[in-house]
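Encoded as structure tokens, the structure appears first; notes follow it.
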Amino acid sequence: RLVLIDAFARAAELQATHIVNIATLTGAVVRALGQAYAGIMGNSQPLIDAVIKSGINHGENYWQLPLPEEYKELLKTPYADINNVGGPYGGAITAGLFLREFIPENTAWA
Numbered sequence: 396r397l398v399l400i401d402a403f404a405r406a407a408e409l410q411a412t413h414i415v416n417i418a419t420l421t422g423a424v425v426r427a428l429g430q431a432y433a434g435i436m437g438n439s440q441p442l443i444d445a446v447i448k449s450g451i452n453h454g455e456n457y458w459q460l461p462l463p464e465e466y467k468e469l470l471k472t473p474y475a476d477i478n479n480v481g482g483p484y485g486g487a488i489t490a491g492l493f494l495r496e497f498i499p500e501n502t503a504w505a
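For what it's worth, the numbering used here labels the leading residue of the sequence shown as 396, then goes sequentially.
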């Protein structure tokens, strides 16, 4: 995740308007969706929809996961501004919420 954040910072330097990152953030998605679907989340529904459509056209299945604000509580820690590890549940969601904190402003992300 920390390497991805460096990539997001570089994207900001390059004034990227869109970021699509593909990563195995956690085994939680595989436990939830199995091996036939990849989880997708982001801050831009049009970009998420475009990735899902591309997947359909190329035989890849995606399932959109939520990024509920109430799960941000799991990222709180007295030791840093934000915790890299969420807690005992919602691992995929907390990973997405963690990454979302570092997406450059006005940048579409999926």
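Just so it is clear, CB atoms sit at the ideal spot from N, CA and C, and this is done for glycine as well.
Inset, instruction - State the Cα-Cα distance for the pair residue 494 and residue 400, rounded to the nearest angstrom. - result: Rounded to the nearest angstrom, the gap between the Cα atoms of residue 494 and residue 400 is 7 Å.
Legend entry - Coarse secondary structure for residue 466, derived from DSSP in three states: In the three-state scheme derived from DSSP, where H, G and I count as helix and E and B as strand, residue 466 is classed as helix.
Legend entry - Cα-Cα separation between residue 427 and residue 448, rounded to whole angstroms: Taking the straight line from one Cα to the other gives about 21 Å.
Legend entry - residue 417 in three-state terms, based on DSSP: coil
Legend entry - Beta-carbon spacing of residue 489, residue 412 below 8 Å: no
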